[in-house]
Amino acid sequence: MDLPKISPQKICFFDSGIGGLNLLYEAACKLPEAQLLYFADNFKVPYGSLSDEELSAAVDGIFAEIANTNPTAAVIACNTVTARYAEVLRGKYSFPIVGIQPAVKEAVKLGGKCVVFATPATAKSESLTKLVKTYGNDLTEVVACPDFASFVEQNIFNLDEAELVRLLPDLKADTVVLGCTHYIFVKDIVEKKYGCPVFTGCEGTVKRLLRLLGVNDAPISAPRSQNITFIGGDKEKNSRVFFNVICGL
Ligand code: DGL
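Just add 15 to wherever you are in the sequence shown, counting from 1, and you've got my numbering.
What follows is the structure, encoded as structure tokens:
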């Protein structure tokens, strides 16, 4: 007797460019059976510098494509889009939408001065102001890093540590929160420069996604290439960054 075929869960990830691949990796390790689609818009990076009109036009176009795939859920792997547009998207679509956010809550638990690095758009967003008010303390500071995401996007195969250190602001911190998924590629350099723990929103976002899908926080396994499709933007670059830079294959 043929058993009925259970269709795999289909999860669509979206970022302006390569940054969200870090979140895709964390999720792929926990969801080996799911079908994962990665949507990007590399030629428009940095999203952090787009006007509200430009951002909504770009994101609306991509979310129309995501909706056409009939996803189980979508994940906004871009802090800038979560901060500026997640609520609008949730009002438009019936599938669940999870959005990455800076891990202020987790960082502040360690005490001391927490510095949040973000794109200019995220830094001045109402959403981050609210998040810091809710979970931050009196010492929490948000710092906009105008050129950082573009630098990482353009130089990912040849990142120059000295140049990256020069682009990072000189300040003292007890914890740093990376409020842009592009910054995750240089987490080690940030850790070295400030000499303190550095947080990303990946872990919390993947936890929320797993809870939503009713999946246990399963043990880590290596991502399987056959389950991941790259759509939009520079597909070849995104695939190379994912498998070569992140997975180290
Ligand atoms: N990766 C995106 C984020 O998390 C932003 C990069 C950009 O500005 O395009 O905010």
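Think of the CB as a built atom: it goes at the ideal place given N, C-alpha and C, for glycine as much as any other residue.
query, result
"Is A164 close to ligand 1? I mean its beta-carbon at under 7 Å from any heavy atom of the ligand.", "yes"
"Ligand 1 heavy atoms versus the CB of C160: any closer than 7 Å?", "no"
"At which residue ranges does the segment 94 to 176 contain complete alpha helix (DSSP H) runs of 4 or more residues, listed in the order of the chain?", "94 to 107, 119 to 123, 135 to 138, 141 to 150 and 163 to 170"
"Express the C-alpha separation of D249 and V6 in angstroms, rounding to a whole number.", "As displayed, the chain neither begins before 16 nor continues past 264, which places residue 6 out of reach and without an answer."
"Rounded to a whole number of angstroms, what is the C-alpha to C-alpha distance between K207 and V158?", "18 Å"
"Which term fits E168, buried or exposed, when burial requires 16 or more other beta carbons within 10 angstroms of its beta carbon?", "buried"
"Enumerate in chain order the residues of its own chain whose CB-to-CB distance from A118 is below 7 Å, with the five nearest sequence positions on each side excluded.", "V192, F214, T215, G216 and G219"
"In angstroms, rounded to a whole number, what distance separates the CA positions of F28 and A55?", "8 Å"
"Report yes if the C-beta distance between T272 and G63 is below 8 Å; otherwise report no.", "Summary: the structure shown does not reach residue 272, with the chain confined to residues 16 through 264, and so no result is reported for it."
"How many angstroms separate the CA atom of I142 from the CA atom of Q24?", "Per the sequence presented here, residue 142 reads as Ser, with Ile not at that position. Roughly 30 Å between the two C-alpha positions."
"If you follow the beta strand (DSSP E) that C27 is part of, which residue opens it and which one closes it?", "K25 to F29"
"Cβ of D185 versus every heavy atom of ligand 1: is any distance shorter than 7 Å?", "no"
"According to the Cβ coordinates, are T196 and I115 closer than 8 Å?", "yes"
"Tell me whether T215 counts as near ligand 1, meaning its Cβ is closer than 7 Å to at least one heavy atom of that ligand.", "no"
"How would you label F58, buried or exposed, when you count the other beta carbons within 10 angstroms and need 16 or more for buried?", "exposed"
"If we call anything under 8 Å between Cβ atoms a contact, is A188 one with C160?", "no"
"State the DSSP-derived secondary structure class of N215, mapped to helix, strand or coil.", "Note on identity: in this sequence residue 215 is Thr, with Asn being the wrong assignment. Three-state result, T215: coil."
"Which of the three DSSP states is assigned to L264 in this structure?", "coil"
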